[in-house]
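Shown next, in structure tokens, is the structure this report addresses.
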Amino acid sequence: MSKQHWQIPATEGLGFRVKRDQVIRITDVEGEQVADFVAYRANDFSERLDPTVTMDALHAMKVKPGDMIYSNKYTPMLTIIRDKVGQHDFINSACRPEMYELLYNKRDHTSCYMNLNEALAPFEIPAPDQHYPFNIFMNTIIQPSGQILVEKPLSKAGDYIELRAEMDLVVAISACPCEESLCNGYKCTPIRVDII
1 MSKQHWQIPA TEGLGFRVKR DQVIRITDVE GEQVADFVAY RANDFSERLD PTVTMDALHA
61 MKVKPGDMIY SNKYTPMLTI IRDKVGQHDF INSACRPEMY ELLYNKRDHT SCYMNLNEAL
121 APFEIPAPDQ HYPFNIFMNT IIQPSGQILV EKPLSKAGDY IELRAEMDLV VAISACPCEE
181 SLCNGYKCTP IRVDII
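FYI, in UniProt numbering the residues of the sequence shown are 1 to 196.
Spelled out as structure tokens, the structure:
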């Protein structure tokens with residue numbers, strides 16, 4: 001039973017608090033939509049979710065139920081409880097206006113960087129120089145040659161991942177606004193969040 005829920009409109013962001021042992025369910029409402037996910041320790045904003053530490057601790061680039069997601073201080077922050085997709089991304093930083101200008105020649109484009117900053121601002125978390133999120137549903141393929149491809153997400157409408165908080169957290173999520181590539185299947189759609 002959902003204690004709280006929100007629907008993040010396409011291209012927008014959301015910030016919220018979660019207590020230790022609460023479970024966050026992130027649902028791809030229509031399918032093929034990436035959700036950039038960041039988290040901070042609620043009583044110490046110097047500790048935050050860290051994809052590179054997570055990969056180091058797990059010795060893996062992919063996560064599965066039972067795996068933990070770690071902070072920059074090598075502390076477990078979240079545990080994956082259920083995952084209907086199994087393909088997410090730890091290596092790409094949040095999209096930002098400069099990226100859209102470089103890659104797509106578009107100025108002042110909405111971005112995950114700005115969405116996450118706005119979502120975290122009410123909690124007085126200062127904007128970092130860049131966000132390095134857990135990119136939920138993002139389908140990044142690293143070829144043997146080393147080339148990195150971002151393909152269409154494998155998530156279908158209603159697919160979700162559930163994460164249990166291992167500490168009190170402030171979380172922000174951006175429904176990625178990139179419709180210029182396969183990242184979101186060339187179409188931006190909503191993300192649902194439930195605390196269960």
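In this text, a Cβ means the ideal position worked out from N, Cα and C, and glycines have one as well.
### Query
Taking Cβ positions, are ASN135 and GLY13 nearer each other than 8 Å?
Residue mapping note: residue 135 aligns to position 135 of the sequence shown, counting from 1. Residue mapping note: residue 13 aligns to position 13 of the sequence shown, counting from 1. In this structure, GLY13 does not lie closer than 8 Å to ASN135 by Cβ.
### Message
Considering only the alpha carbon of each residue, which of PRO51, ARG41, ALA121, PRO144 lies closest to MET167?
### Response
Position 167 of the sequence shown, counted from the start, is the residue given in the question as residue 167. The option with the nearest alpha carbon to MET167 is ARG41.
### Query
Under 8 Å between the Cβ atoms of CYS188 and ALA172?
By one-based count along the sequence shown, residue 188 stands at place 188. By one-based count along the sequence shown, residue 172 stands at place 172. Cβ distance not < 8 Å, so CYS188 and ALA172 don't count as in contact.
### Task
State the Cα-Cα distance for the pair ALA57 and TYR70, rounded to the nearest angstrom.
Here residue 57 corresponds to residue number 57 of the sequence shown, with the count starting at 1. Here residue 70 corresponds to residue number 70 of the sequence shown, with the count starting at 1. Approximately 8 Å between the Cα atoms of the pair.
### Query
Buried or exposed: ASP89, going by 16 or more other Cβ atoms within 10 Å of its Cβ?
To locate residue 89, count along the sequence shown from 1; it is residue 89. By the neighbour-count rule (16 or more Cβ atoms within 10 Å), ASP89 is buried.
### Query
For ALA119, which residues of its own chain have a beta-carbon under 8 Å away from its beta-carbon, when the five flanking residues on both sides are left out?
Taking the sequence shown and counting its residues from 1, the one referred to as residue 119 is at position 119. If we look at ALA119 and ignore the five residues flanking it on each side, its Cβ neighbours are GLY13, LEU14, GLY15, ALA172, ILE173, SER174.
### Task
Decide if ASN105 is buried, meaning its Cβ has at least 16 other Cβ atoms within 10 Å, or exposed.
Within the sequence shown, residue 105 is the residue found at index 105, counting from 1. Under this definition ASN105 is an exposed residue.
### Query
Exposed or buried, HIS109, counting other C-beta atoms within 10 Å across all chains shown (16 or more means buried)?
Taking the sequence shown and counting its residues from 1, one reaches residue 109 at position 109. In summary, HIS109 is buried, with 16 or more beta-carbon neighbours lying within 10 Å of its beta-carbon over all protein chains present.
### Task
Leaving out five residues on either side along the sequence, give the residues of the same chain with a beta carbon under 7 Å from the beta carbon of TYR74.
As a position in the sequence shown, residue 74 is number 74, starting the count at 1. Result list for TYR74: VAL53, ALA57, in chain order.
### Message
Extract the residue ranges of the beta strand (DSSP E) inside the segment 105-149, only unbroken runs of 3 or more that lie entirely within it.
### Response
134-136, 139-142
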